[in-house]
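Which chain is which? The protein sequence lines are A and B, in order.
Numbering-wise (this note's numbering), the first sequence opens with residue 44 and increments by one.
Numbering-wise (this note's numbering), the second sequence opens with residue 44 and increments by one.
2 protein chains.
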Amino acid sequence: MEEDKKQVIEENAKKIKEKIKQMHDNQDVEEAKKQLRELLVSLKPWDIPLIEQSLIKEGTTISQIALMCNLHVELFREHVLGGESLKGVPAWHPLDVLIKENHQLLKDSEKLTLYVKYLDNISTEEEKNRKIEEIKDFLATMFDLKKHYFKQQMLLFPYIERRGITAVPRVLWAKEEEILDKLKDSMREVKLDPDIAKLKKNLMGLSTAISDQIFRETNILYPTCWALLSEGEWVAIQNQSGLIGYYKIDLPSNGWKSEMKAINPYEVEEAIKGEQLSKLPMEVRNSMSLVGMDNYTPVKEGAFKLDMGYLSIEELESIIKTLPFELTFIDGDDRLRYFTNNSNMIFLRTESTIGRKVEFCHPPSSVHIVKKIVQEFKEGKRDVAEFWINMNGKKVYIRYFPVKNKKGEYIGTLEVLQDITSMANIQGEKRLMDFEN
Amino acid sequence: MEEDKKQVIEENAKKIKEKIKQMHDNQDVEEAKKQLRELLVSLKPWDIPLIEQSLIKEGTTISQIALMCNLHVELFREHVLGGESLKGVPAWHPLDVLIKENHQLLKDSEKLTLYVKYLDNISTEEEKNRKIEEIKDFLATMFDLKKHYFKQQMLLFPYIERRGITAVPRVLWAKEEEILDKLKDSMREVKLDPDIAKLKKNLMGLSTAISDQIFRETNILYPTCWALLSEGEWVAIQNQSGLIGYYKIDLPSNGWKSEMKAINPYEVEEAIKGEQLSKLPMEVRNSMSLVGMDNYTPVKEGAFKLDMGYLSIEELESIIKTLPFELTFIDGDDRLRYFTNNSNMIFLRTESTIGRKVEFCHPPSSVHIVKKIVQEFKEGKRDVAEFWINMNGKKVYIRYFPVKNKKGEYIGTLEVLQDITSMANIQGEKRLMDFEN
């Protein structure tokens, strides 16, 4: 480095350090922030990493430097997080929430590079362990990344797939998988006594992968969704986002609200219009399938709308009969009303018992227990009663549950019988990826 | 014993032994049987046990003596197994089948008394073990007794309960439980090195209990059913008897047949008529509840007739949601059509995926496996695909099954997710009788 450039860096590092200290010590925070922002704007972007390195060398802690990073990211936010194509996204709109998460992610991606530099200056084993521990704690906070990606995979993708844009979601999902794998790898690395060079490489790779993905989302996914999705679709996305959760942001109670009815992907019937097409990023337009609009509907003739989905009676019964369990249902009048008529029942039940009082279905010696359990279910005093027996070499697990309707009222008791003989053999893991034959 | 009586016994025993030997050696079997029958008729019933004892002393084997028992029971069948009140029961009618089983049971009950005498003459340890082994084998054949009782509990009782006769089935079931307990006790006894006196007492008690029960069935249960049940009800009983099985009898292919439509207990609407009442045994008339006819019907408005029972859509869905499993259903078009919307899902699923192509619901890295499994299900090449993973400290068991309609056609794929973390703790037994709180 030329001597005068080095001097500039050192001088600026010193000034930044002062401001950070002020902010950290809560002295004139707003004024310090303002001055720091001005300082940062005056610097060349490629000087920032050098300044960071200098600060670390001088012993400034990562959490202090992070204050600067946050400001830095905020300053460059406009450049990185959406330009013209995302104009007009209201504050706390579900898309704005995703952008805000990316804002957090970008900060964390930058923090990862700080940690890499941080690992350069290790003199003792004790220092090494302390720094590793710090990185481990930080990585642990990053696992919520899954929530950001899961929202995209489950809430955004279906809406654009519906419109025939199927390749882009696949590519993005593959990248998201890679990033999560990298995060897991780094986590695994810091848990053991790590090879510092390897760890640095992993952290750096993770940081780059995350910021690259932010770039893709900002320039491809978000503009596409913003151009295509109607307000009702965003309402549906908003409703379901809360189930999944967020990456390091808290939603205000008075955020974006819409009176529109939520629209599910299968309810979207209008194909992409010409004016929308022109707003789509080039990458999307180039990759659009020739298949076009997906017109599938789960709302079939004879299908009932259930809590989550649509099924016909034939499907419902076939599903229940497919279950590797034996079910018997006693209705609200304590009558046996239904059982799954499987072949090879563990407990043989016959048609002649349909409509029979439950107290007559059991031997006199145990009927008082059955009545007690049902009574406790009715009174809401009990959620389950479980038993297990050995029968003809089988381990049989028997559970009783109260069945409640949507209003939470007792409408019957369900007996669930399961052969759990082979469960003892379930050890370790067998994942989808381990599937052979 | 007076000397002349003893002589008569010995003489008769000798004659009987000859005939049995002839039958056993397959010499003039019919003639020998005829002569033995004449001989047995000429004897006083109370002499029979003494003759049996004499035969055992002389070394005649139990299986040879059993030939005599069978004939003896046949001779007295009319007296023991149904008199006037069961007149007209056609051969191999389901009631006749129960009577025939009792015929077999009566023989076995008598055989048990023979085994008791058999245990009187033990000189060596080896002889003891051999005899015990023989008794063990015989007791093992008696466990089908459950089938005789189960047919009564599940097929006969519901029809008379329907008509307000509820006390009699309860008493009979309690007796049946006692008998099965006695059988289990005896079995347990012979499996260990048994106390001969105790074993003899057990076997004798079992024998008496069985023949007493035959008496109750013959004089109370069967006449009641015969007086009350219509032909369609017997058709239903016949149809279901085969599922349960029989006690030591084989049904001919050309047995009783009726063209009547099977009638389930809940379909019986006519109360007991005056003329029927007069045919009921006194015990039944005295015990009849004042409640009278049971008019419950499972055929409710809005309920669908399922393979076994009746349920409304609300009940069906509430049952599925009660299951301690997470279900996801992909339809025949490979679309996600339904999932159980439980709170605290192990795998979070969102409404936005309803109608989504299954291949878009999985990460790109594993989608080819999902497609392969579904394809194998469609082609009927596979019945299940199972996986297990550890997730947030939970052991999660994931199974996929093909769903088929009544015609056996593929209509979709079902994913069943189960938290089996606590299954490892299931050891030994916890029976209904062990229920405390």
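Glycine residues also receive a C-beta, built at the ideal position from the N, C-alpha and C atoms.
{"Query": "Can you list, in chain order, the residues of its chain with a C-beta nearer than 8 Å to that of A/Ala252? Leave out the 5 residues immediately preceding and following it.", "Result": "Lys218, Glu221, Ile222 and Lys225"}
{"Query": "Which class does B/Ile373 belong to by DSSP, given the choice of helix, strand or coil?", "Result": "strand"}
{"Query": "Check each candidate in A/Leu188, A/Gly335 and A/Leu162 and name the one with the smallest Cα separation from A/Glu177.", "Result": "A/Leu162"}
{"Query": "Should B/Asp350 be flagged as near chain A, meaning a C-beta pair shorter than 7 Å?", "Result": "yes"}
{"Query": "Taking 7 Å as the CB-CB cut-off, is B/Asn480 touching chain A?", "Result": "In this prediction, B/Asn480 has a pLDDT of 49, which is less than 50 and means its spatial position is unreliable; what the coordinates show is noted afterwards. For B/Asn480, the answer is no, since every Cβ of chain A falls outside 7 Å of its Cβ."}
{"Query": "Kindly confirm or deny that the region 233-250 of chain A and the region 99-110 of chain A touch, where touching means at least three C-beta pairs closer than 8 Å.", "Result": "no"}
{"Query": "Between A/Met325 and the ligand HEM, is the CB less than 6 Å from at least one heavy atom?", "Result": "Ligands are entirely absent from the displayed structure, and the ligand HEM is therefore not among its contents."}
{"Query": "Starting from B/Glu90, trace the alpha helix (DSSP H) in both directions and tell me its first and last residue.", "Result": "The sequence shown places Asp at residue 90 of chain B, rather than the Glu named in the question. Note, B/Asp90: premise wrong, no alpha helix (DSSP H); not H, not E."}
{"Query": "Is it true that the region 311-319 of chain B meets the region 200-207 of chain B, where meeting means three or more beta-carbon pairs spaced less than 8 Å apart?", "Result": "yes"}
{"Query": "By the criterion of Cβ-Cβ separation under 9 Å, what are the contact partners of B/Gln21 in chain A?", "Result": "Past the edges of chain B, shown from 44 to 480, lies residue 21 of chain B, and the structure says nothing about it."}
{"Query": "Where does the unbroken beta strand (DSSP E) through A/Pro445 begin, and where does it stop?", "Result": "Lys437 to Lys447"}
{"Query": "For B/Ser409, go through chain A and note every residue whose CB falls closer than 7 Å to its CB, in chain order.", "Result": "Leu475 and Met476"}
{"Query": "By Cβ distance below 6 Å, which residues in the same chain neighbour A/Gly375 in space, the five residues on each side in sequence not counted?", "Result": "Ile454 and Gly455"}
{"Query": "What's the gap between the Cα of A/Val459 and the Cα of A/Glu232?", "Result": "44 Å"}
{"Query": "By a C-beta neighbour count over all protein chains shown, 10 Å radius and 16 as the cutoff for buried, is B/Lys154 buried or exposed?", "Result": "buried"}
{"Query": "Near A/Lys189, which residues of its chain fall below 7 Å by C-beta distance, leaving aside the five closest residues on each side in sequence?", "Result": "Leu223"}
{"Query": "Rounded to a whole number of angstroms, what is the C-alpha to C-alpha distance between A/Ile463 and A/Glu369?", "Result": "12 Å"}
{"Query": "Taking all protein chains shown into account, decide if A/Ala428 is buried (16 or more other Cβ within 10 angstroms of its Cβ) or exposed.", "Result": "buried"}
{"Query": "Within a Cβ cutoff of 6 Å, which residues of the same chain sit near A/Phe382, ignoring the five residues on either side of it in sequence?", "Result": "Thr371 and Arg392"}
{"Query": "In chain B, which residues lie less than 9 Å from A/Tyr289 when you measure between Cβ atoms?", "Result": "Residues of chain B passing the Cβ test: none, with the nearest at roughly 14 Å."}
{"Query": "Leaving out five residues before and five after A/Asp151 in sequence, what residues of the same chain have Cβ atoms less than 7 Å from its Cβ?", "Result": "Met185"}
{"Query": "Counting only beta-carbon separations shorter than 7 Å, does A/Arg380 have a partner in chain C?", "Result": "Absence of chain C from the displayed structure is noted, the protein chains being A and B."}
{"Query": "Evaluate A/Lys57 with the Cβ neighbour count: other Cβ atoms within 10 Å of its Cβ, from every protein chain shown; 16 or more gives buried, anything less gives exposed.", "Result": "exposed"}
{"Query": "Starting from the beta carbon of B/Ser364, find every residue of chain A whose beta carbon is closer than 8 Å, and list them in chain order.", "Result": "It should be pointed out that residue 364 of chain B corresponds to Lys in this sequence rather than to Ser. Neighbours of B/Lys364 on chain A, chain order: Asp350."}
{"Query": "Answer yes or no: does any C-beta atom of chain A fall closer than 7 Å to that of B/Ser465?", "Result": "no"}
{"Query": "Taking C-beta to C-beta, are A/Leu457 and A/Tyr265 nearer than 7 Å?", "Result": "no"}
{"Query": "Quick check on DSSP: helix, strand or coil for B/Asp71?", "Result": "coil"}
{"Query": "Can you give me the C-alpha to C-alpha distance between A/Glu360 and A/Arg378, rounded to a whole angstrom?", "Result": "20 Å"}
{"Query": "Return the residues of the region 429-457 of chain B that lie within a Cβ-Cβ distance of less than 9 Å from chain A, sorted by chain order.", "Result": "Glu429, Phe430, Trp431, Ile432, Asn433, Lys438, Tyr440, Ile441, Arg442, Phe444, Pro445, Val446, Lys447, Asn448, Lys449, Ile454, Gly455 and Leu457"}
{"Query": "Going by C-alpha to C-alpha distance, which of A/Gln256, A/Ile175 and A/Ile208 sits closest to A/Ala240?", "Result": "A/Ile175"}
{"Query": "Please name the residue, chosen from A/Leu157, A/Gly352 and A/Ile432, that lies closest to A/Tyr440 on a Cα-to-Cα basis.", "Result": "A/Ile432"}
{"Query": "Between B/Glu419 and chain A, is any beta-carbon pair separated by less than 7 Å?", "Result": "no"}
{"Query": "Go ahead and pull the three-state DSSP assignment for A/Met336.", "Result": "coil"}
{"Query": "Counting C-beta neighbours from all protein chains within 10 Å, is the total for B/Gly335 16 or more, i.e. buried, or is it exposed?", "Result": "exposed"}
{"Query": "In chain A, which residues lie with their C-beta within 7 Å of the C-beta of B/Pro237?", "Result": "Within chain A, no residue comes near B/Pro237; the closest Cβ sits about 23 Å away, beyond 7 Å."}
{"Query": "Does any C-beta atom of chain A lie closer than 7 Å to the C-beta of B/Leu188?", "Result": "no"}
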